[in-house]
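J.: In this note's numbering, each number is its position in the sequence shown, counted from 1, plus 24.
Built from N, CA and C at the ideal position, the CB exists for glycine as well.
The model shown is predicted, which means the values in this text are computed figures rather than measured ones.
First the structure, which I've put down as structure tokens, then a few questions once you've had a look.
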Amino acid sequence: MTHQVITSLHSPHVERVKALLGSRGKKLRREESLFIADGLQSLRSALDPQIKSAPRIEKLYLTPSGEGKLRDEFSSEMIDVHEIIPVTDAVMAAMADTESPQGILALCRYRPLTLEDIVNGSPARLAFFWQIQDPGNAGTAIRTADACGFDAVLFSEGSVDLYSPKVVRSTAGSLWNIPVVEDLPLAAIVDLADSGAFSVLAFDGSGSRQLQEITPVKPTIAIFGNEARGLPSLPDSIEKVRIPMKGHAESLNVASAAAIALFHLGIAGSR
């Protein structure tokens with residue numbers, strides 16, 4: 025369905041999108057399970073999701089140039105099934121969160137997932153991030169886990185809002201490729217470790233074993249800590265593992281550490 029072109033900067037559509045993108049948008053996103061995805065990179069994945077639980081497009085806001093970009097890559101059947109709302113360049117600039125919008129913006133609805141949803145799918149590799157605060161780190165973590173073939177990414181209570189504009193942009197479309205769970209208590213991961221169903225590894229500089237010594241032999245959960253505070257106290261059922269460093273750096277950024285560890289656990293160490 026295609027609507028008339030929106031030309032007014034005071035359109036209810038503009039106000040709604042701006043509310044979801046604004047500094048107070050987190051509450052609205054949570055209450056309505058809605059978020060905004062912008063740009064061609066995100067929309068490539070949104071139009072061709074790889075998982076059943078992927079967020080779905082509710083409305084597509086397109087400038088003439090933005091629509092042209094989409095139709096150059098996708099068939100009309102994949103695009104026209106969605107509600108398309110044409111907008112002018114000025115309206116898009118008013119709505120978008122970026123300085124140079126690409127003329128493509130989507131209102132998306134997600135289904136909040138639980139740990140039970142993930143575990144019932146018999147996952148082999150999970151990544152858990154405890155109180156991650158930086159949007160770029162969170163988005164990169166999701167993108168990396170997707171690239172390394174992990175089955176889901178889990179985030180603890182007190183982590184950044186996964187559907188904020190900066191996180192969505194940083195995932196580069198991976199939100200539509202890999203399930204994510206928000207607000208998960210650390211105790212739930214400890215329970216999985218205690219059950220013996222998963223090998224749970226916490227990445228910490230004080231770990232007794234090095235990453236290259238680890239070869240996953242059963243379902244594995246990799247835990248990564250907060251950017252500044254690292255990890256909280258963990259029980260003995262969770263093994264601490266360190267990433268060796270040859271140079272003089274004191275530590276690794278959490279997204280960098282996750283990239284190294286997830287590659288080893290998901291690709292290199294599982295060959």
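Between Ser230 and Thr87, what straight-line distance do the alpha-carbon atoms span, to the nearest angstrom?
T.: Computed Cα separation, rounded: 53 angstroms.
J.: Where does Asp207 sit, in a helix, a strand or coil, going by DSSP?
T.: Note: Asp207 maps to strand in three-state DSSP.
J.: Measure how close the beta-carbons of Ile247 and Leu255 come, nearest whole angstrom, since I'm counting them as under 8 angstroms.
T.: With 8 angstroms as the limit, Ile247 and Leu255 qualify as a contact, their Cβ atoms being about 7 angstroms apart.
J.: Taking contact to mean at least 3 C-beta pairs separated by less than 8 angstroms, is the stretch 153 to 170 in contact with the stretch 91 to 110?
T.: Touching, no, given that fewer than three Cβ pairs across the two stretches are closer than 8 angstroms.
J.: Report yes or no: is there a C-beta of chain B within less than 8 angstroms of the C-beta of Leu186?
T.: The chain inventory of the structure shown lacks chain B, comprising one protein chain alone.
J.: Taking a contact to mean a Cβ-Cβ separation below 8 angstroms, would you say Leu289 touches Pro243 in this structure?
T.: In this structure, Pro243 does not lie closer than 8 angstroms to Leu289 by Cβ.
J.: Could you check whether Pro209 and Glu181 sit closer than 8 angstroms to each other, using their CB atoms as the reference points?
T.: Yes; because the gap between Cβ atoms is below 8 angstroms, this pair is in contact.
J.: Name the two residues that bound the continuous alpha helix (DSSP H) containing Ile166.
T.: Unbroken alpha helix (DSSP H) run through Ile166: 159 to 171.
J.: Can you look up Val143 in the DSSP assignment and give me helix, strand or coil?
T.: In the structure shown, Val143 sits in a helix (DSSP, three-state: H, G or I).
J.: Would you please state the rounded distance, in angstroms, between the beta carbons of Phe301 and Ala165? I believe it to be under 8 angstroms.
T.: The structure shown does not extend to residue 301, since the chain is modelled only from 25 through 295, so no value can be given for it.
J.: Helix, strand or coil: how does DSSP classify Leu186 here?
T.: Looking at Leu186 - three-state DSSP - the assignment turns out to be coil, as it is neither helix nor strand.
J.: Rounded to whole angstroms, what's the CA-CA distance from Gly90 to Ile109? Just pull it up for me.
T.: Looking at the two C-alpha atoms, the distance is approximately 12 angstroms.
J.: Which one or two residues does DSSP pair with Arg80 in a beta bridge?
T.: Arg80 pairs with Arg133.
J.: Measure the Cβ-Cβ separation of Ala130 and Leu199 and say whether it is below 8 angstroms.
T.: Cβ distance not < 8 angstroms, so Ala130 and Leu199 don't count as in contact.
J.: Does Arg48 come out as helix, strand or coil in the three-state DSSP assignment?
T.: It is coil, neither helix nor strand.
J.: Looking only at its own chain, which residues have a Cβ that is under 8 angstroms from the Cβ of Leu52, when we skip the five neighbours before and after it?
T.: Hits under 8 angstroms: Ala43, Leu44, Leu58.
J.: Can you grab the Cα-Cα spacing for the pair Lys83 / Val105, in whole Å?
T.: If you take the alpha carbons of Lys83 and Val105, they lie about 10 angstroms apart.
J.: What is the C-beta distance between Leu137 and Val205, in whole angstroms, given that I count them as a contact (C-beta under 8 angstroms)?
T.: Going by Cβ atoms, the distance from Leu137 to Val205 rounds to 5 angstroms, so yes, they are a contact pair.
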